[in-house]
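In the UniProt record's numbering, the protein residues as written are 1 to 184.
Cβ atoms here follow ideal geometry from the backbone N, Cα and C, with glycine treated the same way.
Here it is as structure tokens:
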């Protein structure tokens, strides 16, 4: 098992190293596995110093992993959660967000149109951070609720690869999904 160092280094897709407290890093199933089952945390060729753990994956958009900004937002969330803030059960038996989580997700939404919430969601999925994945999925669901297909494409900068003749049957088949439903 890797040495018990209090701070770990993670490397973004640009090669930038960021530090995270070990307790916060252990919220990630991916990082927990890396620390438990490999020797990546210590690079013997690097004089025994702590080597950054590269967060690397491929997505359809060609991204090779989270960029420095996205990874810093993931680390920020893990830092908030490592303080063991307990969630309360809210409406419909679901856990409600803590005030820290609400502030965090509002901060992500306020960063503009660079799809930060979506990027953080993708990183949370890859890094197996269940709480962050739940939080960002709910935020994305809130962002697209009651929006048209065109508005969603614009929001996430998605190019329409259907011609009008191909798209029309899909819109008709799933018209129920685009009806305003104020019950939820």
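Are the CB atoms of residue 131 and residue 31 nearer to each other than 9 Å?
-> no
Hey, out of 145, 109 and 79, whose CA is closest to residue 8's CA?
-> 79
Just curious, the alpha helix (DSSP H) that residue 25 is in, first and last residue?
-> 22 to 25
Whole alpha helix (DSSP H) runs in the stretch 136 to 167 with 4 or more residues, listed along the chain?
-> 149 to 156
Can you grab the Cα-Cα spacing for the pair residue 162 / residue 179, in whole Å?
-> 22 Å
Would you call residue 45 buried or exposed, if buried means 16 or more other Cβ atoms sit within 10 Å of its Cβ?
-> Here residue 45 scores only 44 on pLDDT, less than 50, and its place in the model should not be relied on; the value that follows carries that caveat. By the 10 Å Cβ count, residue 45 comes out exposed.
Determine the direct distance from the alpha carbon of residue 164 to that of residue 127, and round the result to whole angstroms.
-> 38 Å
Can you give me the Cβ contacts of residue 172 inside the same chain, cut-off strictly under 6 Å, excluding the 5 residues immediately before and after it?
-> none
Span separating the alpha-carbon of residue 174 from that of residue 68 | 38 Å
Continuous alpha helix (DSSP H) stretch holding residue 64: start and end = Counting along the chain, residue 64 falls outside any alpha helix (DSSP H), and DSSP gives it neither H nor E.
Euclidean distance between Cα positions of residue 116 and residue 22 = 24 Å
Three-state secondary structure (DSSP) at residue 73?
-> helix
Straight-line gap, residue 36 to residue 71 (C-alpha atoms, nearest Å) = 21 Å
Take the Cβ of residue 81 as the centre, count every other Cβ of all protein chains shown within 10 Å, and call the residue buried at 16 or more, exposed below.
-> buried
Beta strand (DSSP E) segment containing residue 9, residue limits | 7 to 11
Among the residues of its own chain, which have a CB less than 8 Å from the CB of residue 53, if the five just before and after it don't count?
-> 8, 9, 10, 11, 31, 34, 40 and 41
Simplified DSSP assignment, three categories, for residue 55 = coil
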